[in-house]
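One structure is given here, and the rest of the page talks about it.
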Amino acid sequence: MRSITVDQIAAPVAGSTEGLRRDAAARKNPVRARAVMGYVFSSGYGVLLVLFGVLPTIYAIFLAFTKDGAFAGVDNFSKVFGDYRFWPAVQHVAVYLVTWLILQTVFVVLLALIVHAVGTRWLSSSVRFVYYIPGALAGASSVMLWLFLLDPTVSPAAGLLQALGLNTFVQTVSLQNLPVVFTVIAFWTGAGGWIVIMYGALNNIPVEVMEAARIDGAGAVKTAWHIQLPLMRKWISYMGIMTLAAGTQLFVEPRVLSQASKGVVPPDYSLNQLAYLFAFQQNDFNGSAAISLMLLVVALGLATFFVFRGGLFERD
Amino acid sequence: MRSGQRAVRESGFAPGRWIGRALATVVAASFVVFFALPLVWLLLAPTKTAKQLLLANPFSFGGFGTLAANWDSLMTFQNGIVWMWIGNSVLYTGGALIITLVVSIPAGYALALTDFKLRKTLLAVTLIVMLIPSTALVLPVFLELSAVHLVGTPLAVILPFSFFPFGVYLTYIYFSTSVSHDLLNAARIDGAGEFRVFWSVAMPLATPVIALVGFFNIVGNWNNYFLPFVMAPGPRSPIQVGLAELLSNVPLFNPTSAGSVTIDMPTLALATVLSVAPVLIIFLFSQRFLVSGMTAGGTKE
């Protein structure tokens, strides 16, 4: 008796008997219908997540701890550690990370504060846009452009390069300059996006707080130091974590530079390059997986730490 | 007494504030130069001959005739392989865009507005994986795909490109904040099934987030180097990877190297311009919503 009444009510709304039956069933157990739809809707993404997130990680773990299918303990890792290229690569990446982290944090925050303080709307957004545009070139194109810019014979900044004593391309990309070179490239491409994010974060600071500071007589520097920076802490740490995670994965820049300079920049400068060489030059997929796993653990560690302690994702 | 103190403070401030402002302007302006100049140079470079690139003013305009000559030179390089590379980029990026949207928007909706047992797990895993740079998983994914003999096919690039946890997260945030449960429940009470609720109520409101997810997906995939480099070498390369291949034909970066010069610097610059043009144009058209700090606003309470 009850179900007939429900069907009759549903009739004018649903378009077909199929819809009728489905809607009636849904109304009998709406929570369950919602849960089913939840699974259905997220199934496509779930499949991709497993295929390209979970499974590769498991496979990398498997490869890193086996050799030709047989369990090999930490042999692959000790082999990698013992490789004469490994520790120099670690050092290269570490120096690059520190350089990039410091320079990017300082200048992104500084520029975001300045841009935020600009009163004229169109000026502020134009400047932000100019800072952001290089992000369109992220990847190999950016390195291509910088190949020209780093060559004192064609670069528009030739004067600057020559003043630093660099007269040929080879000199500019010599080993001791590389951390700075890679930092400049990474900063040029990426800073704009972070400046925009920091600008958004600054906008979230209530106007009353800023007004109170101004009435109290705090100047721009004091306001920035005591009020704006502490409130941006979450975003600054987010940027720091992302910079660290991305920096450890350094690949494109040294790879392209290595090709362009015919090996002056070594083909094993960064850890990812080394992993690539292990896989494709030495056919040692196990060693390559060992390096990839180490890098993945670093990235995973940073990500997990940030998600659970960083406090930015407090929504759920 | 008080007004006197205030007067002293104000007048003490005035020269300091002007110096501070001037300093800030100098810093901001220098960085405008830093960020913009390389692009201006890049856009002017293809209009010059190699000699002009070396000797003339970096910001001089060469000539349309030279531009045409450089264009021809690029087109004849290996029989117009540039277009093949660009075609590959379009295929990979376009294919991935469709799959990404079809897969990520419903998933974000499900995470935000439905409830099922695995929801929190899925969300947590998404958050964590989202923060991992894509390069970290390239080699493991390569090993995985080569085990199923997919490497070298377009799918080997398109499928990993379609895995976009950041897009799911953006959609989740968007639906959480801009579609209320009440709205959906009203539709449910009216007798709509779950799919109809999603399609007729949530989707029309989703245009901004679809644009955002699409934007970040396109830009990220078009500029991705490591994954296609490993998965699709040779003629299947996208333009970014192909560009680096061009380098082996330009010995001019290392004057001591020998080798047949089949491509010169301005032509290489032209190739670089071609490789960034699509994304650059998208940037120019999305200017307003890009710099509004929407990504930060996405997590606004």
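Chains A and B, in that order, give the protein sequences. Numbered by my numbering, the letters in the first sequence go through residues 316 to 631 in order. Numbered by my numbering, the letters in the second sequence go through residues 9 to 309 in order. Just so it is clear, CB atoms sit at the ideal spot from N, CA and C, and this is done for glycine as well.
Practice prompt. Name, in chain order, the residues that DSSP records as bridge partners for A385/A.
Written response: Bridge pairing for A385/A: K382/A [DSSP].
Worksheet item: With burial defined as no fewer than 16 other Cβ atoms inside 10 Å of the residue's Cβ, what is the status of Y411/A: buried or exposed?
Response: buried
Worksheet item: To which residues of the same chain is S170/B closer than 7 Å at the C-beta, ignoring the five residues directly before and after it?
Response: A104, I107, T108, V111
Worksheet item: Excluding sequence positions up to five away, which residues of its chain have a Cβ less than 8 Å from the Cβ of L254/B?
Response: F85, I271, L276, A279
Worksheet item: Which residue comes first and which comes last in the alpha helix (DSSP H) that contains V189/B?
Response: According to the sequence as given, residue 189/B is His; it is not Val. Its alpha helix (DSSP H) spans residues 189 to 197.
Worksheet entry | Host alpha helix (DSSP H) of I136/B (start-end) | 127 to 138
Worksheet item: Just to confirm, are A164/B and L153/B a CB contact at a threshold of 7 Å?
Response: Result yes, Cβ atoms of A164/B and L153/B sit closer than 7 Å.
Worksheet item: Beta-carbon separation of Y117/B and F356/A under 7 Å?
Response: Cβ atoms of Y117/B and F356/A: closer than 7 Å.
Worksheet item: Taking just the CA atoms, how far does W461/A sit from P54/B?
Response: 15 Å
Worksheet item: From D599/A, A453/A, G562/A, N598/A, pick the residue whose C-alpha is nearest to that of P141/B; which is it?
Response: G562/A
Worksheet item: Under 7 Å Cβ-Cβ, which residues of chain E neighbour W91/B?
Response: Here chain E cannot be found, since the structure's protein chains are A and B.
Item to complete: With 7 Å as the C-beta to C-beta threshold (strictly closer), list the residues of the segment 368 to 395 of chain A near chain B in chain order.
Response: For the segment 368 to 395 of chain A, the residues whose beta carbon sits under 7 Å from a beta carbon of chain B are, in order, G368, L370, P371, T372, Y374, A375, L378.
Fill in: Span separating the alpha-carbon of S439/A from that of L292/B
16 Å
Worksheet item: Are the C-beta atoms of G397/A and some chain B residue less than 7 Å apart?
Response: no
Worksheet entry | Any chain A beta carbon closer than 7 Å to L62/B | yes
Worksheet item: Hey, would you say L418/A sits closer than 7 Å to T498/A, going by beta carbons?
Response: Contact: yes.
Discussion item. Taking 7 Å as the threshold (beta carbon to beta carbon), is V321/A in contact with chain B?
Written reply: Because the pLDDT of V321/A is 45, which lies under 50, any placement of that residue in the model is unreliable, and the question is left without a value.
Worksheet item: What's the gap between the Cα of M547/A and the Cα of N96/B?
Response: 41 Å
Worksheet item: Would you report the Cα separation of Q295/B and L452/A, rounded to the nearest angstrom?
Response: 15 Å
Item to complete: Less than 8 Å between the CB atoms is what I'm expecting for T122/B and G454/A, so what's the real figure, rounded?
Response: T122/B to G454/A, Cβ: 37 Å. No contact.
Worksheet entry | 4 or more residues per run - each alpha helix (DSSP H) lying fully within the segment 522 to 599 of chain A | 522 to 530, 535 to 538, 548 to 563, 567 to 575, 586 to 595
Practice prompt. With 9 Å as the limit, tell me which residues of the segment 352 to 367 of chain A have their beta carbon closer than that to any beta carbon of chain B; keep them in chain order.
Written response: For the segment 352 to 367 of chain A, residues whose beta-carbon sits nearer than 9 Å to a beta-carbon of chain B comprise M352, G353, Y354, V355, F356, S357, S358, G359, Y360, G361, V362, L363, L364, L366, F367.
Discussion item. Cβ closer than 9 Å: which chain A residues qualify as neighbours of F43/B?
Written reply: V445, Y446, Y447, I448, P449, W503, A506, G507
Item to complete: Starting from F203/B, find everything on chain A with Cβ-Cβ shorter than 8 Å and list it in chain order.
Response: M352
Fill in: Between the CA atoms of L61/B and D466/A - distance to the nearest angstrom
12 Å
Discussion item. Could you check whether the segment 390 to 404 of chain A touches the segment 603 to 616 of chain A, counting it as contact only if at least three pairs of C-beta atoms, one from each stretch, sit closer than 8 Å?
Written reply: In this structure the segment 390 to 404 of chain A touches the segment 603 to 616 of chain A; the number of beta carbon pairs closer than 8 Å is three or more.
Fill in: Sequence ranges, alpha helix (DSSP H) only - wholly within the segment 409 to 493 of chain A, length at least 4
436 to 447, 455 to 465, 473 to 478, 484 to 487
Worksheet entry | A348/A versus L147/B, V238/B, F206/B, V98/B, residue with shortest Cα-Cα distance | F206/B
Worksheet item: Since N601/A contacts N391/A with CB under 8 Å, what's their CB separation in whole angstroms?
Response: 5 Å
Discussion item. Quick check on DSSP: helix, strand or coil for K59/B?
Written reply: helix
Worksheet item: Between Q295/B and chain A, is there a C-beta pair that is closer than 7 Å?
Response: yes
Discussion item. In whole angstroms, give me the CA-to-CA distance for M83/B and D190/B.
Written reply: For M83/B and D190/B, the distance between alpha carbons rounds to 58 Å.
Discussion item. Nearest by alpha-carbon distance to P168/B: which of P236/B, R196/B, S208/B is it?
Written reply: P236/B
Worksheet item: DSSP three-state call for D80/B: helix, strand or coil?
Response: helix
Worksheet entry | Boundaries of the alpha helix (DSSP H) in which R349/A is found, first to last residue | 345 to 364
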